[in-house]
Structures are given as structure tokens and as C-alpha cells.
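Under our numbering, residues 3 to 241 are what the sequence shown spells out, in order. One structure is given here, and the rest of the page talks about it.
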Amino acid sequence: MYRLDVFALEHHHFLVDFKLQFCYNIATIIQLLANECRRHSLIMKKSLRTSVLAMRDMLGIEERCQKSTLIKEMLFGLNEFHSSSNILFYVATKSEVQTEDMIRQAIKQGKRALVPITDAENKRLLISELHDFDLELEKGAYGILEPTKIYQRLVPLDEVEMIIVPGVVFDLHGHRIGYGGGYYDRMLESIGQNKGTKACLIGVCFECQLVDTIPIEKHDMPVSRIITEERVIMWRRDI
Numbered sequence: 003m004y005r006l007d008v009f010a011l012e013h014h015h016f017l018v019d020f021k022l023q024f025c026y027n028i029a030t031i032i033q034l035l036a037n038e039c040r041r042h043s044l045i046m047k048k049s050l051r052t053s054v055l056a057m058r059d060m061l062g063i064e065e066r067c068q069k070s071t072l073i074k075e076m077l078f079g080l081n082e083f084h085s086s087s088n089i090l091f092y093v094a095t096k097s098e099v100q101t102e103d104m105i106r107q108a109i110k111q112g113k114r115a116l117v118p119i120t121d122a123e124n125k126r127l128l129i130s131e132l133h134d135f136d137l138e139l140e141k142g143a144y145g146i147l148e149p150t151k152i153y154q155r156l157v158p159l160d161e162v163e164m165i166i167v168p169g170v171v172f173d174l175h176g177h178r179i180g181y182g183g184g185y186y187d188r189m190l191e192s193i194g195q196n197k198g199t200k201a202c203l204i205g206v207c208f209e210c211q212l213v214d215t216i217p218i219e220k221h222d223m224p225v226s227r228i229i230t231e232e233r234v235i236m237w238r239r240d241i
């Protein structure tokens, strides 16, 4: 009679190889599915970015200015804004929500107005304090106004109390799609990873830039508030 223990011994390597191959196949399938999901997500983001940018660009200059003023008034009315001293603004370009008046008024109120500098070589944003909007800025990377070298006053991220976050698309859960460079994504991700950094993240956009939901990835950091010309959408008090 053929003993079962002999059979098991003779087929041990076969069983081990089978299990390893099975696990490898499962892992491969999972990775393929993850890659396909990511590819689909990128396609959806690109499509949303293109269509929403087209809608935003259709807004006339006067209409954008009026809507931007309403957004500024709601921003400046937030309790979080009143209690924040160090505020990072983006410097608007093209058809974005305009921020020049926000920055000028914040400086007049005695706020420490901060603006980003694009470090294209290292794919990151640096932060600089701005004193004079008219004197200290010139076109930098991507044609966006940034402090000239002689007026750069670098500020560490952990000193920032509020960040006004730009975006092409925002959803009703606080997630955003940017222009594709990933600069703000990396900065916001670093805030999420640094438990010592507490910054209120305020997304600003026009109503035409809002959608119900957008594809997200695990490292995406949602904003705490979204302000449009019509409303303030709130979720979390801080990060």
C-alpha cells in the first residue's frame, strides 16, 4: 500500500511551487487591475480638466472679477481667516479666481501674505513673504508672477496657518484636480504627513468648476473648505 506520508514528501516541492505560482498570479492580477484603475482615473481626470477649463475660460473678464470679489468677501468673513496671521495665497493667472485684491487687502490688514515660488528643478513649491504686490513680483515658471530674487523671503511650511488652494476642478468632498504638474498635490501631501503642521486648506473656485465627485488616490489631501461665488462648503475644521 502506498503510504500517504511518502506521497506528501514526494509531492512537497510540487505543492510549494503550485502555491507560489498561485500567489504570484493573484498578485499579478491585482497589480494589473490597479494599473487599469489608475489609467482609467487619469483619463477621467484629463477629461474633467479639459471640459471644466473650457467652461471657466468662457467666463468674461467682468464676470470673473465680480465672482472673485464675492469669493474674497466670503473668505475674509471666515472665523478661520480672522484668526490666521500667516496666509499662503496663490497668484492668479488666466481665468482663475482672482487673488490680487485678496493679497493687497490682507497686507493692509496686517496679515503676513505669503506667495509660492515654483522650484521647477525639484518639482516643489517654496513659500515667500510678500510686502508689495506692485514692486516685488515678476513672471516666473509657467508665466506666473513670483517674487524676484532680491525680494524672496523664504518661510517654512510649518509656519503657514491657512492656504488658499487653486484648482481646475473641485468636488463636493473637498478633492481637487490641478493642472497636472503636481506641485500643490506634493505640498498638501507633505502637510498631511507632518502631524506638526496645522493649516486650514481653503479651495476657491467658481461654481462651474464644481462636480459631484472626482477620482482620487490614497495620497490626495482634500481641502477643509471650498468657497465659490455662491456658498461656502465646509467639512473639517483643520487638518
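For each residue, glycine too, the CB sits at the ideal point set by N, CA and C.
Check, Outcome
"Tyr144 versus Met46: straight-line alpha-carbon distance, rounded", "24 Å"
"Touching by the beta-carbon criterion (3+ pairs, under 8 Å), the segment 198-210 and the segment 146-154", "no"
"Residue burial classification, Arg233 (beta-carbon count within 10 angstroms, cutoff 16)", "exposed"
"Bridge-paired residues (DSSP) for Gly205", "Val167, Ile228"
"Selected residue, minimal CA-CA separation from Asn81, among Pro118, Tyr92, Glu65, Glu163", "Glu163"
"Local conformation of Asn124 per DSSP, three classes", "coil"
"Cβ-based burial, Gln100 [other Cβ within 10 Å; buried from 16]", "buried"
"Which listed residue (Ile63, Ile193, Gly180) has its alpha carbon closest to that of Ser49", "Gly180"
"Contact under 7 Å by Cβ, Leu190 with Met236", "no"
"Exposure of Ser74, with buried meaning 16 or more beta-carbon neighbours within 10 Å", "Reading the sequence as shown, one finds Lys at residue 74 and not Ser. It counts as buried."
"Range of the contiguous alpha helix (DSSP H) that encloses Met104", "102-110"
"Straight-line Cα distance separating Ile89 from Thr71", "18 Å"
"Unbroken beta strand (DSSP E) run spanning Lys141, endpoints", "139-141"
"Contacting residues, own chain, Cβ-Cβ under 8 Å from Leu61 (five flanking each side not counted)", "Lys69, Ser97, Phe208, Cys210"
"Collapsed DSSP secondary structure at Leu159 in the structure displayed", "helix"
"For Ser192 and Leu128, the rounded distance between their alpha carbons", "13 Å"
"Ala115 and Ile105 closer than 7 Å at C-beta", "yes"
"Thr120 versus Gly142 - alpha carbon distance", "8 Å"
"Separation of Val206 from Cys67, as counted between CA atoms", "14 Å"
"Cross-strand partners of Asn88 (DSSP beta bridge)", "Arg114"
"Ile193: first and last residue of the uninterrupted alpha helix (DSSP H) it sits in", "185-195"
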